[in-house]
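> The numbers in the working numbering rise by one with no breaks, and the one at position 31 of the sequence shown is 35.
Quick reminder that beta carbons are idealized off the backbone N, C-alpha and C, glycines included.
Note that this is a predicted model, so its numbers are computed, not measured.
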Amino acid sequence: MSKSHTSSNVFIMQNNTLLNRPVLISGVYRSGTTFANAAISCFTGYSSLSSGLKFMRFCYGKYGEEVEHESQLKSLLVDCQKRLARRWAIKIPVDNIFTEVMETGLSYSTIYDVLVRDILGIRQQGSSQQWCDKLVLNWDLAETFLELFPDGVVVHVVRSPLDVLKSYQRMTSEPNPIYLDAIFNCYSSFVFAESIAKKEKERIIICKSQDFADPNSNVYSKLSNLLDCEFNEEKFNLGNFNTLIDQWNINSTVYKSLSISRLRNTNNRDEYFTDIEKYLLEQVCGKFMDEYAFPRNYIIKNISSDEIEYNLDVEYLIRRYRLAVRGEDPGPSYFTDPVSLERNIVDD
5 MSKSHTSSNV FIMQNNTLLN RPVLISGVYR SGTTFANAAI SCFTGYSSLS SGLKFMRFCY
65 GKYGEEVEHE SQLKSLLVDC QKRLARRWAI KIPVDNIFTE VMETGLSYST IYDVLVRDIL
125 GIRQQGSSQQ WCDKLVLNWD LAETFLELFP DGVVVHVVRS PLDVLKSYQR MTSEPNPIYL
185 DAIFNCYSSF VFAESIAKKE KERIIICKSQ DFADPNSNVY SKLSNLLDCE FNEEKFNLGN
245 FNTLIDQWNI NSTVYKSLSI SRLRNTNNRD EYFTDIEKYL LEQVCGKFMD EYAFPRNYII
305 KNISSDEIEY NLDVEYLIRR YRLAVRGEDP GPSYFTDPVS LERNIVDD
């Protein structure tokens with residue numbers, strides 16, 4: 005952890021003190037985090053960033069437990085420049101960012117803040133702009149984010165595990181049956197939500213993905229109070245998001261094509277899964293599905309753990325299954341390490 009939490013641009017005045025209040029969106033993949041991230045830009049003074057930087061995954065702690073020397077900062081920025089340019093066609097001015105960080109105070113929090121502001125093009129907009137970032141499958145770093153930004157906020161999004169599993173099965177490039185890891189990641193996400201609410205309930209909001217589809221949802225009023233700014237419902241309804249987010253064009257035509265109603269009315273048909281897979285999902289996540297009022301099938305069959313492990317087949321999945329059924333947190337995890345994967349793409 006860096007000794008300094010100084011950030012370069014702050015704007016909220018509270019009790020005559022300027023606050024920097026960034027937002028981090030957290031959750032499992034395919035859970036609506038991209039939409040939640042974009043929706044934050046409908047709050048006055050906020051812009052949103054999504055895929056690309058992933059500072060907490062690619063940068064934080066990778067250049068020393070603390071950033072104390074110019075050489076560490078230079079290495080971090082040069083690596084970011086190469087990765088962002090090659091992978092996402094995002095260009096950052098290393099020398100300018102280096103100078104600003106050194107003048108502000110060398111720390112991971114300052115580097116993170118300046119990088120996001122540069123990518124979003126808000127470094128020169130004065131002190132009136134804040135930002136929202138997204139990082140899926142790393143809620144284990146949520147509390148670290150709050151340490152970096154003492155006035156920051158984390159929004160952790162949960163979604164029906166069945167919907168997550170279906171979506172991940174359709175889009176993942178991982179070999180079969182790795183898509184079943186979505187079950188264990190959902191379980192870990194629920195465990196995190198349950199535990200963190202007891203420790204950081206004032207700074208970490210837990211909400212369901214479909215809550216973000218309704219501009220009248222209490223999640224927006226709650227965030228408005230917490231962020232101390234107004235939510236622009238008209239901007240939301242027009243899909244006028246102020247965001248740099250994946251390859252998402254932000255005009256209203258594209259926005260409407262996303263069919264926001266799908267977020268409100270999720271499709272819970274399960275014909276794509278075997279009885280064993282459905283039983284596994286119910287066995288691992290059923291308790292939390294009830295707590296969050298997510299539909300479930302209450303499958304009566306009693307399938308042995310040996311049969312389940314035989315179908316899981318992969319040691320990685322079997323290990324995570326055994327943790328979950330013992331009530332232990334398997335943690336957020338990718339089967340293929342995303343850091344190595346992206347570096348291989350960049351260095352190719």
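So residue 26 and residue 137 are in contact, right, with Cβ under 8 Å, and what is the actual spacing, rounded?
7 Å
> Within the same chain, show all residues whose beta-carbon is closer than 7 Å to that of residue 225, passing over the 5 residues directly before and after it, in chain order.
none
> Helix, strand or coil: which one does DSSP assign to residue 71?
coil
> What residue does the beta strand (DSSP E) around residue 291 start on, and which one ends it?
Here residue 291 belongs to no beta strand (DSSP E); instead the alpha helix (DSSP H) covers 279-295.
> Residues in its own chain within less than 8 Å of residue 97 by CB, not counting five upstream and five downstream?
122
> If contact is defined by three or more beta carbon pairs under 8 Å, each pair taking one atom from either stretch, is the region 169-181 in contact with the region 275-292?
yes
> Can you give me the C-alpha to C-alpha distance between residue 349 and residue 60, rounded to a whole angstrom?
19 Å
> List the whole-angstrom C-beta distance separating residue 102 from residue 78, where the pair is believed to meet the contact cut-off of C-beta under 8 Å.
Contact between residue 102 and residue 78 holds, with the beta-carbon distance rounding to 7 Å and staying under 8 Å.
> Evaluate the contact criterion for the region 154-168 versus the region 199-210: three or more CB pairs, one atom per stretch, below 8 Å.
yes
> Between which two residues does the alpha helix (DSSP H) carrying residue 322 extend?
Residue 322 -> alpha helix (DSSP H) spans 319-329.
> Flag this pair as yes or no: are the beta carbons of residue 231 and residue 47 separated by less than 8 Å?
Result yes, Cβ atoms of residue 231 and residue 47 sit closer than 8 Å.
> Work out the CA separation of residue 239 and residue 43 for me, nearest whole Å.
9 Å
> Measuring straight from C-alpha to C-alpha, what distance separates residue 235 and residue 214?
17 Å
> So, residue 118 versus residue 33, is the Cβ gap smaller than 8 Å?
no
> Does the separation of the CB atoms of residue 135 and residue 152 fall below 8 Å?
At least 8 Å separates the beta-carbon of residue 135 from that of residue 152.
> According to DSSP, simplified to helix, strand and coil, what is residue 191?
helix
> Since residue 283 and residue 307 are thought to touch, with beta carbons under 8 Å apart, how far apart are those beta carbons, to the nearest angstrom?
5 Å
> Which residue comes first and which comes last in the alpha helix (DSSP H) that contains residue 137?
No alpha helix (DSSP H) contains residue 137, which is instead part of the beta strand (DSSP E) from 134-140.
> List, from N- to C-terminal side, the beta strand (DSSP E) runs of 3 residues or more that fit wholly inside the region 140-187.
157-162
> For residue 331, count the other beta carbons within 10 Å of its own beta carbon; 16 or more makes it buried, fewer makes it exposed. Which is it?
It is exposed - the Cβ of residue 331 has fewer than 16 other Cβ atoms within 10 Å.
> Grouping DSSP H, G and I as helix and E and B as strand, with all else coil, what is residue 46?
Residue 46 sits in coil when the DSSP states are folded into three classes, being neither helix nor strand.
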